[in-house]
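Notes to accompany the following structure.
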Amino acid sequence: MVEAHIRYDRYRYTIGPKVFKETPMPGSGLLYDLGPHLLDMVFALFGEPLSWTKTLGYYRPGTQVDDYAYLHLKYRKTSRYLLHEYALVVEQQPAFVINGTKGSYFKHRSDIQETQLLKI
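For the sequence shown, the numbering used here gives the first residue as 127, with consecutive numbering after it.
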């Protein structure tokens, strides 16, 4: 494996009603909302990275918290993991893209639990 792109995107153009997610305070914003899920998965599979960089963005009108997060985790010389979260993705993209020297793997996210919980 040379690199993996892991995404957790959604479309939320308007500011949501959940105050704790939309108020600028420690732990708010998209990075802290969805990032722990992605980081937990990557750390469990590959361990802690050698280095990392982070880019945050604020794109929704009136937002006070990040609604875009991009994390670049560097492991070995030839291995990197790119974690991406964005609140303005209209069309679903693959949640997992893994590229290696002999091919690529694509997988869309399907969260059956969320669908089941919405029916309750």
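Cβ coordinates follow ideal geometry from the N, Cα and C atoms, glycine included.
Note that the structure is predicted; figures quoted are calculated from it, not measured.
In the three-state reduction of the DSSP assignment, Gly188 falls in the coil class. Inclusion of Gly226 and Met127 in the CB contact set at 8 Å is warranted, their separation being smaller than that value.
Inter-segment contact for the region 200-220 and the region 228-241 is present: three or more beta-carbon pairs are separated by less than 8 Å. For Gly183, DSSP records a beta bridge to Tyr194. Here Lys200 is not near Leu182, since their CB atoms are 8 Å or more apart. Note: Ala130 is bridge-paired with Tyr207 and Ile224 in the DSSP secondary-structure output.
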